[in-house]
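So the structure is just underneath, and the comments pick up after that.
Numbering (the working numbering), first residue to last: 798 to 1144.
Shown next, in the form of structure tokens:
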């Protein structure tokens, strides 16, 4: 009896296990089928999406509405072209409206048709602190003030300005005096980056040419504040050389190189000028002129140009190796008011 009951329990347990196993297999099968179905549906959707993109692209090509990939530069060009088209359309509309209103082209006079002529020469009169009497004498003798100064600029193309730097103690009474004088006369070029000292005259001349080169002119002249200039003679002389692009003009000279420190015109770099101790030919420092191209050369290379003890020698050294026209003009020799002379020195 006991044996039979045991067999029945074993049979019942085996049947239950078989049923559970079949359920698990069925669940796995359903899961696998569902996964396969999901992949299938996703694949069809992706294929349909690609087909739709392809069909749209083909339709765009057929209808002429297709767009190809372009670079950023090309995009900017297209945008600029569209902006120009808009401006052109706007101008065409304005022109049409002007024509309807009876627009007549305006006839300008001969003077207005010509571009504004640039100055013939910018004259930089190198001065310094404590020399107001000299400046007033120059204003009275040949430079003029106010309307007379403006007339010289407009009618003769000659622009004259006093050139001065700043004091070592920036903003002190020396600077204030120059600022007040400039407000009264408006006839200064103030070199704010240059410290005004007698030993720095060559660099001051360099900075003047660099500054003035931005003031478009045919020529640039350096003059001392104890020199009186015949502006008419200067203008006539320079006008004869406007066609020469690279001009260095003045009273050409050489001269002795002083090698002893106790001498007035001592040259610390005396050994560079050879055993003969003679300078190369250069324009006298009282007044000399350079053309626009040379002023630009000085401006561009001012950080590399060498200066010597004297400004005239320094300027001559900058141009001695260049392909330029050296003009020895005796009218620039300021010994006296000779006939046709451009300048006269006043001591």
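Backbone N, C-alpha and C define an ideal beta-carbon position, used for all residues, glycine too.
Tell me where the beta strand (DSSP E) around residue 1083 begins and ends. Per DSSP, residue 1083 belongs to the beta strand (DSSP E) from 1075-1088.
With a threshold of 7 Å on Cβ separation, who are the neighbours of residue 962 within its own chain once the five nearest residues in sequence on each side are excluded? Around residue 962, the same chain offers 988, 991, 992, 993, 1001 as residues with beta carbons nearer than 7 Å, after the five sequence neighbours per side are excluded.
Could you check whether the segment 1043-1059 touches the segment 1115-1126, counting it as contact only if at least three pairs of C-beta atoms, one from each stretch, sit closer than 8 Å? yes
Which listed residue (1079, 1069, 1098, 1093) has its alpha carbon closest to that of residue 1123: 1079
Uninterrupted alpha helix (DSSP H) stretches inside the segment 1021-1055 (no shorter than 4 residues): 1028-1036
Residue nearest to residue 1022 in terms of C-alpha spacing, selected from 885, 886, 1140: 1140
Backbone secondary structure at residue 938 - three-state DSSP: Three-state DSSP puts residue 938 in a helix.
Residues near residue 1070 in its chain [Cβ-Cβ closer than 7 Å; skip 5 each side]: 1054, 1076
Nearest neighbour of residue 1091, chosen from 929, 1008, 1052, 1065 [CA to CA]: 1008
From residue 1126 to residue 979, what distance separates their C-alpha atoms? Taking the straight line joining both Cα atoms gives about 33 Å.
DSSP puts residue 991 in a beta bridge; with which residues? DSSP, once it has assigned bridges, lists no residue as partnering residue 991.
If we ignore side chains and look at the alpha-carbon of each, how far apart do residue 1025 and residue 928 end up? 15 Å
What residue range does the alpha helix (DSSP H) around residue 943 cover? 943-953
Cutting at 8 Å between CB atoms, please list the residues of its own chain near residue 947, excluding the five before and the five after it. Same-chain partners within the cutoff: there are none.
Please report how far the alpha carbon of residue 1056 lies from the alpha carbon of residue 972, in whole angstroms. Here the C-alpha atom of residue 1056 lies approximately 35 Å from the C-alpha atom of residue 972.
At the level of alpha carbons, what is the spacing between residue 782 and residue 1068? Shown here, the chain extends from 798 to 1144; a query on residue 782 therefore has no answer.
Going by the CB atoms, is the gap between residue 916 and residue 956 shorter than 8 Å? Contact flag set, yes.
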